[in-house]
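Protein chains in written order, with our numbering: chain P, 1370 to 1624; chain R, 37 to 293.
Glycine is no exception: its CB is placed at the ideal position from the N, C-alpha and C atoms.
From a predicted model like this one, the values you see are computed outputs, not experimental measurements.
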């Protein structure tokens, strides 16, 4: 049942409770090994900052760079940015993506992705072929200031059709989120960060196609196993599951 | 079944999924997908269990439905005989009819009577004589319990009075941090991890406080998916050998397979 070679498109280095990257890797890798996860996309840092400063952005990206340097065959990175600080964001893209080893960009809740600053980041991502992992929620009580919804991401993706986006959590309220991103073929949704509810993966495949759904866990905030259950337990054929578990991310990452 | 095949100690038929055979076929599809080889099945597709106590006639109907499913797929389902202990003579007769003479392998108790009441003792005693495990729903409700819904401590009281009977504490009380503690002193109770979200630490705490040999995998399918409940075991920080015990070995022993 365990699918070897699985790619987890969405993790954070939160497992070691503030420990250094080596301790974080030592804690994550045995669980990844058990669940057949070959490669993990890491972003943010041991602490989540809603409005990260330049120093916090640097520390987060340094942390993940060391994680990748220690285990280049097990981790890839998304550069954490605060788009409110556009100059520093563009510089960080040069330092982390152009110069490597990061392959994408992570945008969390510092600024809603409908803001023009994000367009500038997307233009540079487009030039570089860099993937953008955008947190998306439809919160019942209204989103936090700066928090993007799948509808915000769909509007952004329409303006940047050559950039590949991952709509993280599919909006959490995924029955709405999947519908919101459906018209934009350059958005994939990931499976991460909520309970393994019946019908999520099936609906995403029905509406978007299996080639637009990617397995992610949100580890260490969620277990690999509980999030893999959304794929393993889904009423889908093996070909669709293979795309979700690794095929799509292999394509997106050019592996 | 294979020597290491997964045994799910807790599945049901349910009215949301059609008649007994349609629901069983749904269970089999999910089980095949996840490598579950044998399922302990109880209760038919009747709805009234949620609204009022079960009559004797309804108890028979539940077990008839399960018997029909077992007859069709005898290598995939093991029957758990549903009883309504408010009707003790009829329940004891049902044990003779279904368990002593087969094909049911154990007993299922839900919420028709608190399980620490005296009516449960003759049932537990007979189950012990037959080597049939008793699966008792246990839940610690924050609010609005079902009628006569038993907390794990009530099962512990029954288990201490009937030390030769094996009990499965279904859901381990739901609030498992309390439930595990409530059954710790009754070594003949196993923690059935079914139902509820795959929360971090459940299997680890149960294994640590009860011993791995007292923790068994169950799903509560089709109310919960096999995959989400297996994730509790697959994602747990326990050795591979302990996982195998939870997924298969202990229930093989309990069912004398």
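Determine the burial state of residue i: buried for a count of at least 16 other Cβ atoms within 10 Å of its Cβ, exposed for fewer.
i               : result
residue 1540(P) : buried
residue 137(R)  : exposed
residue 174(R)  : buried
residue 81(R)   : buried
residue 1566(P) : exposed
residue 1536(P) : buried
residue 1494(P) : buried
residue 38(R)   : exposed
residue 1469(P) : exposed
residue 1384(P) : buried
residue 55(R)   : exposed
residue 179(R)  : exposed
residue 1429(P) : buried
residue 289(R)  : exposed
residue 51(R)   : exposed
residue 1461(P) : buried
residue 86(R)   : exposed
residue 40(R)   : exposed
residue 1609(P) : buried
residue 229(R)  : buried
residue 1606(P) : exposed
residue 1415(P) : buried
residue 239(R)  : buried
With DSSP run on the structure shown, which of helix, strand or coil describes residue i?
i               : result
residue 1532(P) : coil
residue 103(R)  : helix
residue 1400(P) : helix
residue 130(R)  : helix
residue 1372(P) : coil
residue 1558(P) : strand
residue 227(R)  : strand
residue 261(R)  : coil
residue 1479(P) : coil
residue 1546(P) : helix
residue 1588(P) : strand
residue 209(R)  : strand
residue 1420(P) : coil
residue 185(R)  : coil
residue 176(R)  : coil
residue 236(R)  : coil
Starting from the C-beta of residue i, find all residues in its chain whose C-beta is less than 6 Å away, skip the five residues before and the five after it, and write them out in chain order.
i               : result
residue 1603(P) : 1570, 1571
residue 1543(P) : 1569
residue 83(R)   : 51
Provide the residue(s) that pair with residue i in DSSP beta bridges, ordered along the chain.
i               : result
residue 1377(P) : 1409(P)
residue 143(R)  : 117(R), 170(R)
residue 42(R)   : 72(R)
residue 150(R)  : Residue 150(R) is not bridged to any residue.
residue 1583(P) : 1559(P)
residue 1474(P) : 1448(P), 1501(P)
residue 204(R)  : 171(R), 226(R)
residue 1537(P) : 1504(P)
residue 77(R)   : 47(R), 115(R)
residue 252(R)  : 228(R)
Please identify the residue among the options whose C-alpha is closest to the C-alpha of residue i.
i               : options                            : result
residue 1621(P) : 1425(P), 1473(P), 1372(P), 1478(P) : 1473(P)
residue 1337(P) : 1426(P), 1429(P), 1381(P)          : Nothing can be reported for residue 1337(P), as the shown portion of chain P is limited to 1370 through 1624.
residue 1377(P) : 1520(P), 1583(P), 1557(P), 1396(P) : 1583(P)
residue 1421(P) : 1611(P), 1515(P), 1585(P)          : 1515(P)
residue 1593(P) : 197(R), 210(R), 125(R), 270(R)     : 270(R)
residue 1597(P) : 1615(P), 1476(P), 1550(P)          : 1615(P)
residue 1560(P) : 1393(P), 1552(P), 1553(P), 1547(P) : 1547(P)
residue 1395(P) : 1510(P), 1439(P), 1481(P), 1404(P) : 1439(P)
residue 244(R)  : 67(R), 282(R), 58(R)               : 282(R)
residue 1389(P) : 1459(P), 1417(P), 1432(P)          : 1432(P)
residue 1371(P) : 1401(P), 1392(P), 1577(P), 1506(P) : 1401(P)
residue 1530(P) : 1595(P), 1499(P), 1454(P)          : 1499(P)
residue 1585(P) : 1478(P), 1504(P), 1459(P)          : 1504(P)
residue 212(R)  : 223(R), 187(R), 201(R), 202(R)     : 187(R)
residue 234(R)  : 266(R), 221(R), 256(R), 225(R)     : 266(R)
residue 1517(P) : 1545(P), 1538(P), 1496(P), 1481(P) : 1481(P)
Below 7 Å CB to CB, which residues in the same chain sit around residue i once its five sequence neighbours on both sides are set aside?
i              : result
residue 184(R) : 147, 148, 149, 150
Looking only at its chain, what residues have a beta carbon closer than 8 Å to the beta carbon of residue i, apart from the 5 residues adjacent to it on each side?
i              : result
residue 130(R) : 95, 96, 99, 117, 119
residue 92(R)  : 120, 123, 126
residue 112(R) : 64, 67, 73, 74, 75
residue 108(R) : 57, 60
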